[in-house]
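>
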Amino acid sequence: MNDSPSIYAYISMGLMIAAYLIPSILAWLRHTEHSWGIFLLNLCAGWVVFPFGWIGVLLFAIFDPKQPYVMRTVRINQGK
Numbered sequence: 001m002n003d004s005p006s007i008y009a010y011i012s013m014g015l016m017i018a019a020y021l022i023p024s025i026l027a028w029l030r031h032t033e034h035s036w037g038i039f040l041l042n043l044c045a046g047w048v049v050f051p052f053g054w055i056g057v058l059l060f061a062i063f064d065p066k067q068p069y070v071m072r073t074v075r076i077n078q079g080k
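The sequence shown maps to residues 1 to 80 in my numbering.
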């Protein structure tokens, strides 16, 4: 009898971890100002009070303002 975990166990564990880290992934993709704080809060407080902590971190990741981008205009001298 084979007691080793199947590939389905590894896939389902990976999907559960990814679902748990959705707030951190969203914060990282949105380039929010507090993405590391959201990650640490998700890691530490998300599992303590799972439904409320996780939902709170998710809302923080969604509504945290994006870090402002600086746009520069560069003029290129065209040989004049």
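Idealized CB from N, CA, C, for every residue including glycine.
Buried or exposed: which applies to Ile23, given that a residue is buried once 16 or more other Cβ atoms fall within 10 Å of its Cβ?
The sequence given here has Pro at residue 23, not Ile. When all chains shown are included, Pro23 counts as buried.
> Less than 7 Å between the beta carbons of Leu41 and Val57, yes or no?
Taking 7 Å as the Cβ cut-off, Leu41 and Val57 qualify as a contacting pair.
> Pull up the DSSP beta-bridge partners for Thr73, would you.
Per DSSP, none; premise fails for Thr73.
> Rounded to a whole number of angstroms, what is the C-alpha to C-alpha distance between Trp36 and Phe60?
About 12 Å.
> Determine the burial state of Thr73: buried for a count of at least 16 other Cβ atoms within 10 Å of its Cβ, exposed for fewer.
Looking at its Cβ environment, which holds fewer than 16 other Cβ atoms inside 10 Å, Thr73 is exposed.
> Is the separation between the beta-carbon of Ala27 and that of Ile38 shorter than 7 Å?
Contact: yes.
> Rounded to the nearest angstrom, what separates Met16 and Glu33 at their Cα positions?
When rounded, the distance between both Cα atoms is 26 Å.
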